[in-house]
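Its first residue numbered 2, the sequence shown is counted upward by one per residue in the working numbering.
Even glycine gets a Cβ: it sits at the ideal position worked out from N, Cα and C.
Source: prediction; values computed, not measured.
Here the structure is laid out as structure tokens; the discussion comes afterwards.
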Amino acid sequence: MKRALITGANRGIGFELARVYSENGTEVLAACRKASEPLRRLKVRIFEGLDLGDARSFDSLANEISGSSLDLLINNAGILIPDNLESVDFQELETQFLINALAPIRLTHTLLSKIQDGGKIAFITSRMGSIGDNSSGGYYGYRMSKAALNAGAVSLARDLKARNISVAILHPGMVATGMTGNRGIPPREAAEGLFRQIENCTLFSSGKFLHQTGEEIPW
């Protein structure tokens with residue numbers, strides 16, 4: 002049985018990814034700050050206390066899976082704090098960099114020895130991190146942090162090629178979650194699209210920036 006670790010699995014896209022992978026026969030370790038009741042009802046293993054703002058919780062997670070290996074790591078957790086040129090708060094911008102860009106790379110680095118050769122790593126990012134696709138401006142913290150995450154994920158794709166580990170960099174679409182004010186497609190639909198892209202990810206597509214529909218997104 003394959004084993005996957007999914008961050009931010011207590012709600013939204015993360016919860017639906019945990020459900021989709023569990024339904025498809027994967028042993029899921031659902032990591033989050035605090036488990037929701039729907040997550041507790043899934044047949045998954047839950048790790049509570051993962052705080053992307055506190056690297057000490059990364060070590061606790063690594064200890065939780067000591068002696069186990071991972072076939073897949075999905076870095077899904079993140080935050081969005083809306084801003085524009087007039088309202089941008091630079092402390093909040095730094096927070097988004099910490100949570101959206103630095104933490105997923107640092108967590109991946111912490112867990113790298115647990116990921117099997119031939120395994121996969123997925124980053125749930127956003128096309129708002131695309132410089133070429135930015136036609137409306139604003140969202141300084143979110144756009145910059147996701148662009149930084151994309152850059153780090155591409156470097157991982159290059160560096161892990163020798164271990165036959167492929168890296169998926171994926172935009173879920175506009176998804177109806179608390180982050181978007183419940184506007185967009187259902188989280189289940191997004192999760193199913195992400196599942197297909199992750200399953201289809203190979204060394205050939207590793208490091209490409211893709212929509213969950215398979216469309217390639219410009220950097």
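Asked, Found
"On the CB-based measure, 16 or more other CB atoms within 10 Å of its CB, does residue 127 come out buried or exposed?", "buried"
"Measure the alpha-carbon distance for residue 79 versus residue 9 and round it to whole angstroms.", "8 Å"
"Give the secondary structure of residue 120 by DSSP, where H, G and I count as helix, E and B as strand, and everything else as coil.", "strand"
"At what residues does the alpha helix (DSSP H) containing residue 155 begin and finish?", "141-160"
"Are the CB atoms of residue 191 and residue 1 within a distance shorter than 8 Å?", "Shown here, the chain extends from 2 to 220; a query on residue 1 therefore has no answer."
"I think residue 23 touches residue 44, with their Cβ atoms under 8 Å apart; what is that distance to the nearest whole Å?", "6 Å"
"Three or more C-beta pairs under 8 Å: does that hold for the region 56-75 against the region 115-131?", "yes"
"In whole angstroms, give me the CA-to-CA distance for residue 209 and residue 202.", "9 Å"
"Please classify residue 86 as buried or exposed, where buried requires at least 16 other C-beta atoms within 10 Å of its C-beta.", "exposed"
"Which parts of the region 63-106 are runs of the alpha helix (DSSP H), unbroken and 4 residues or longer, counting only runs that do not cross its ends?", "91-97"
"In this structure, does DSSP put residue 40 in helix, strand or coil?", "helix"
"Jot down the residue ranges of each uninterrupted beta strand (DSSP E) in the region 4-41, minimum 3 residues, whole runs only, in chain order.", "4-8, 28-33"
"Here's the rule I'm using: 16 or more other beta-carbon atoms within 10 Å means buried, otherwise exposed. How should residue 169 be labelled?", "buried"
"Considering only the beta carbon of each residue, do residue 7 and residue 101 sit closer than 8 Å?", "no"
"Which of helix, strand or coil does DSSP assign to residue 205?", "coil"
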